[in-house]
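For the sequence shown, the residue numbers in the numbering used here are 334 to 753. Cβ atoms here follow ideal geometry from the backbone N, Cα and C, with glycine treated the same way.
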Amino acid sequence: MTSLSPAPTAPHPWLKELKPEERGLYLIHLLLNCSSLVAAGNLESANIALDQISGLASPQGDTMQRIAAYFSEALADRILRSWPGVYKAFNSTRVPAAAAEEIAIRRMFFELLPFMKVASVISNQAIVEAMEGEKVVHLIDLNAAEPVQWRALIQDLSARPEGPPHLRITAVHHRKEVLDQMAHALSDTAENLDIPFQFNPILIDMKVEKLDFEKLRVKTGEALAVISVMHLHTHLACEDDPRGGRSPSNDSGSSSSPLSSPQSPGVESFLSAIWSLSPKIMVVTEHESDHNGRHLMERLSEALHFYAALFDCMESTLPRASLERQRMEKMVLGEEIKNIIACEGTERRERHEKLEKWSQRLEGGGFAGVPLSYYAMLQAKRLLQGYKCDGYKIRDENGSVVICWQDRPIYSVSAWRFRR
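So, in structure tokens, the structure goes:
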């Protein structure tokens with residue numbers, strides 16, 4: 334640690350004169366070079382590279398400047414983690430975001446960008462179609478965060494020609510405030526529409542993140558729907574846990590095939606537990622990108638492309654001076670980037686994988702794909718048209734849906750059913 338240069342040389346003056354396109358390309362070069370140095374353990378040179386990046390990057394700048402700011406922060410965090418004592422001391426007084434702030438930021442992301450709204454519209458239509466004629470419906474939300482989707486579903490179910498079913502919603506989350514808010518909002522909506530309704534909140538420990546399936550209280554005779562929004566990938570974390578799975582490998586090795594990694598015991602047992610509940614429909618929303626590579630360089634390269642599209646989307650949707658945009662980039666996208674780049678083992682929870690891989694996992698877990706309907710696609714397209722922006726697109730992928738910014742896939746939505 335004492336070998337690190339305390340005062341790296343100042344960035345060359347000509348760097349300040351680069352045009353935005355040239356600066357963006359140079360920042361990509363610096364980030365790739367820096368990550369290579371970090372992976373190789375050459376921390377003194379990585380320190381100098383980070384100093385150069387900081388002279389060009391800015392969380393208030395253009396798309397590439399903002400991306401570089403968050404990726405360099407993630408690389409610095411990874412370096413600090415190599416000295417646990419320093420890392421713990423550096424973070425010892427850090428105050429985590431308050432529940433109210435986290436809720437507000439997630440709501441902004443839901444409201445200001447169409448991605449999660451499109452996913453919720455498609456999910457709700459799949460549930461309504463699967464539950465046609467059912468008198469008792471039980472919906473399990475594995476990552477409950479936003480009541481808006483379920484308020485819309487309650488309204489859809491209330492309009493059924495055969496009348497509304499008895500609806501029970503089980504919501505799983507690590508924040509009691511989120512569950513309390515959801516209980517209040519959904520109970521009010523159900524009461525106003527005169528729908529028989531029960532709410533079953535399940536509070537889990539964020540550090541353990543283990544769901545007790547007995548608490549779901551699934552009953553005989555009820556039609557079950559399971560919703561997983563950005564949740565399944567967290568169960569892949571035991572893949573390179575030295576205590577019970579794949580061992581961590583050195584970053585200098587060759588890149589692994591996106592379809593070659595074995596089924597993780599964590600996600601395999603979780604899908605098996607879901608399968609045992611015999612769900613009539615399961616809707617899965619995930620990031621459409623591969624951020625679960627074993628080596629830092631492959632994760633960083635893929636994440637750069639993916640988050641460049643999301644930051645560009647932010648740039649096109651909200652003004653550069655928007656405080657809301659800065660908060661979303663910091664607390665949602667920035668935290669995802671940090672986890673992908675800085676963490677390893679069970680701490681690395683943002684293990685995004687593409688639809689092709691999830692399809693293999695789900696089919697291997699005893700589920701059969703359910704093609705999303707034309708009407709679901711039509712509703713999603715109408716929603717996107719309301720944003721008056723040509724950048725948002727959706728496309729059919731063998732019965733599932735991929736939501737894109739320009740031509741870059743961002744999220745996937747797929748539906749599945751229990752198969753005997």
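Under 8 Å between C-beta atoms of L475 and H564: Closer than 8 Å, so yes.
According to the Cβ coordinates, are L526 and P480 closer than 8 Å? In this structure, P480 does not lie closer than 8 Å to L526 by Cβ.
In the DSSP assignment, find the unbroken beta strand (DSSP E) run with S561 in it and report its ends. For S561, the uninterrupted beta strand (DSSP E) segment begins and ends at A556 to V562.
Stretch-stretch touch, CB-based, cutoff 8 Å, three pairs: the region 705 to 717 with the region 677 to 684: Result no; under three Cβ-Cβ pairs closer than 8 Å.
Is it buried or exposed, S590, if we count other Cβ atoms within 10 angstroms and call 16 or more buried? Any reading at S590 needs caution, since the residue's pLDDT is 33, under 50, leaving its predicted position unreliable; the model's value is listed next. Exposed is the call here.
Along the chain, which unbroken stretches of the beta strand (DSSP E) at least 3 residues long are found entirely within the region 380 to 404? The region 380 to 404 is shown to contain no whole beta strand (DSSP E) run of 3 or more residues.
Nearest-angstrom beta carbon gap, T396 and F644 [assumed within contact, 8 Å]: About 5 Å separates the beta carbons of F644 and T396, which is inside the 8 Å limit, making them a contact pair.
Using 8 Å as the limit for Cβ to Cβ distance, is R484 near chain D? Among the chains of the structure shown, chain D does not appear; only one protein chain is present.
Taking the straight line between their C-alpha atoms, what separation do you get for Y759 and V703? No answer is possible for residue 759: the residues shown for the chain start at 334 and end at 753.
Completely contained beta strand (DSSP E) runs for the region 692 to 719, where each covers 3 or more residues: With a minimum length of 3 residues, the continuous beta strand (DSSP E) runs that stay inside the region 692 to 719 are 700 to 703.
Given this structure, state the Cα-to-Cα distance separating R493 from E465, to the nearest angstrom. Going by C-alpha positions, R493 is about 8 Å away from E465.
Looking only at C-alpha atoms, which of N672, R660 and I438 sits nearest to H624? The shortest C-alpha separation from H624 is found at N672.
Span separating the alpha-carbon of A654 from that of N366: A654 and N366: Cα-Cα distance of roughly 30 Å.
By Cβ distance below 8 Å, which residues in the same chain neighbour L569 in space, the five residues on each side in sequence not counted? Taken in chain order, the residues that qualify are S597, G599, V600, N625, R684 and E686.
Selection from V470, H620, A477 and H628 that minimises the alpha carbon distance to V551: The residue with the shortest Cα to Cα distance from V551 is V470.
Tell me whether the region 407 to 424 and the region 433 to 448 touch, counting them as touching only if at least three CB pairs, one residue from each stretch, are closer than 8 Å. No: the two stretches stay apart, fewer than three of their Cβ pairs being nearer than 8 Å.
Restricting to Cα atoms, I'd like to know which of I727, M539 and P742 is closest to S622. Cα-wise, what sits closest to S622 is P742.
M615 bridges to which residues according to DSSP? Paired residues: V559 and W749.
Please report how far the alpha carbon of C737 lies from the alpha carbon of P353, in whole angstroms. So the alpha carbons of these two residues sit roughly 25 Å apart.
Rounded C-alpha distance that separates L288 from P392: This structure gives no information on residue 288, because the portion of the chain shown stretches from 334 to 753.
With 16 as the cutoff for other CB atoms within 10 Å, does H362 come out buried or exposed? An exposed status is given to H362, since fewer than 16 other beta-carbon atoms sit within 10 Å of its beta-carbon.
The beta strand (DSSP E) enclosing V505, as first and last residue numbers: Run containing V505: H499 to H506, per the beta strand (DSSP E) assignment.
Does the Cβ of M539 have 16 or more other Cβ atoms within 10 Å, making it buried, or fewer, making it exposed? A residue is called buried once 16 or more other Cβ atoms fall within 10 Å of its Cβ, and M539, having fewer, is exposed.
Helix, strand or coil for W416? Go by DSSP, reduced to three states. Reduced to three states, the DSSP call for W416 is coil.
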